[in-house]
């Protein structure tokens with residue numbers, strides 16, 4: 005379906021260019037073609053995370069790396085067709101080539117069969133039951149330990165999903181601005197030639213691809229939450245120095261910060277699908293991933309409009325204010341995103357850990373659980389590991405007892 009929509013979008017764009025009808029281009033390339041490429045992207049990433057559950061980060065990193073590498077590999081090919089055949093025929097020919105390749109690849113894409121064993125992990129059925137679309141929270145036992153099976157609606161309405169939504173938006177913001185303005189900034193601030201600026205942009209694209217593989221692989225080793233914390237924390241530090249670097253015209257530092265920011269931008273794309281699969285299950289990743297990518301669109305549209313507005317506002321004053329003013333609001337959003345990372349409950353224990361009477365708030369920081377409790381007054385409790393383990397074990401025992409009672413009751417009803 006995604007391949008067909010993308011092909012139709014290219015053909016409508018070719019027709020719109022031929023008859024000079026802008027509405028056809030908007031509908032074809034912007035809506036239908038965009039929907040097709042979005043569907044193809046999400047489905048591909050979803051499938052690879054299901055086939056490689058023990059290395060989801062690296063697998064999704066390779067998939068999204070291919071998405072970025074395609075733009076580089078095919079960047080100059082259409083130019084030959086455009087010069088010889090014109091723009092409408094170029095869209096028709098390239099669209100046909102894309103369709104043949106994508107349709108062929110789609111024939112071999114498939115999810116693991118139910119019950120398939122991958123490195124000791126048993127794959128769940130690929131199609132959820134009808135009740136999984138409802139807002140219910142199932143609990144099961146595996147080796148007398150509770151696990152959770154989250155429905156799609158529950159995943160999309162959970163606090164953790166929307167925190168992750170804004171974390172992803174904050175992580176992508178600086179990279180979006182840098183990629184779109186890098187050539188202009190290089191020429192305006194450092195008086196480089198257009199050719200030199202193009203070289204900087206090309207290297208920047210390489211860091212984009214590198215970040216997708218590097219941070220995805222790192223997330224398999226140290227965890228997705230910590231990886232997002234590293235990406236956003238690093239951007240906070242570098243953005244804090246960036247206005248001074250721009251005002252001082254320090255070229256090497258400018259390049260380093262820009263390229264590191266772009267690497268973090270690429271890393272966000274590769275880590276987020278694995279993070280979603282870990283937290284909400286492989287069956288929910290397609291819908292969750294598709295929705296969370298709208299954060300990227302919002303950052304691109306909203307961030308672009310705000311950047312342009314401030315740029316136009318201060319451009320007549322000359323100097324660097326038109327850029328430094330923009331860096332500061334980006335810095336604030338990135339810092340806020342870094343703080344939000346602390347509130348993501350990525351572990352099952354954090355999401356199911358029972359609240360004590362009077363508890364107002366709970367947070368895990370540096371491996372320790374901290375909670376705000378109101379009894380006779382407000383008090384902050386930092387749980388020792390022993391205390392946390394004891395409360396968790398008590399909760400597990402209660403869950404196991406309740407589940408056994410339910411199973412016994414169900415078995416008794418079946419007998420009668």
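Residue numbers (my numbering): 5 to 420. Even glycine gets a Cβ: it sits at the ideal position worked out from N, Cα and C.
Within a 10 Å sphere around the beta-carbon of residue 274 sit 16 or more other beta-carbons, which makes this residue buried.
In the structure shown, residue 111 adopts coil according to DSSP, grouped into three states. In the structure shown, the three-state DSSP call for residue 374 is strand. Within the same chain, and ignoring the five residues on either side of residue 181 in sequence, the residues whose Cβ sits closer than 8 Å to its Cβ are 307, 308, 311, 330, 334. Residue 225 holds the alpha-carbon nearest to the alpha-carbon of residue 58 among 408, 271, 225. Where residue 357 is concerned, there is no enclosing alpha helix (DSSP H), because DSSP gives it neither an H nor an E. Where residue 204 is concerned, the enclosing alpha helix (DSSP H) starts and stops at 198-226. Under the 8 Å Cβ criterion, the stretch 294-308 counts as touching the stretch 165-172, having at least three qualifying pairs.
For the stretch 146-193, the full-length alpha helix (DSSP H) segments reaching 4 residues or more read 156-160 along the chain.
Taking the C-beta atoms as reference points, residue 381 is found no nearer than 8 Å to residue 236. Closest in alpha carbon position to residue 266, among 101, 41, 219, is 219. As DSSP reads the structure, residue 251 sits in no beta bridge. When the Cα atoms are used, residue 243 and residue 93 turn out to be separated by approximately 44 Å. For the 8 Å CB-CB criterion, residue 95 and residue 18 form a contact. Per DSSP, residue 382 is one residue of the beta strand (DSSP E) stretching across 382-386.
Buried is the label assigned to residue 116, since at least 16 other Cβ atoms lie within 10 Å of its Cβ.
Annotation for residue 204: 190 place their beta carbon closer than 6 Å to its own, counting only its chain and skipping 5 residues before and after. By alpha-carbon distance to residue 183, the top candidate from 194, 168, 166, 202 is 202. Around the Cβ of residue 320, a 10 Å sphere holds fewer than 16 other Cβ atoms; the residue is exposed. Around the beta-carbon of residue 278, 16 or more other beta-carbon atoms lie within 10 Å, marking it buried.
Distance from the Cα of residue 177 is smallest, within the candidate group 106, 271, 98, 217, for 271.
Taking the Cβ atoms as the reference, residue 363 lies roughly 11 Å from residue 384, outside the contact range of under 8 Å.
Each residue's CA atom was taken as its position, placing residue 315 and residue 336 some 18 Å apart.
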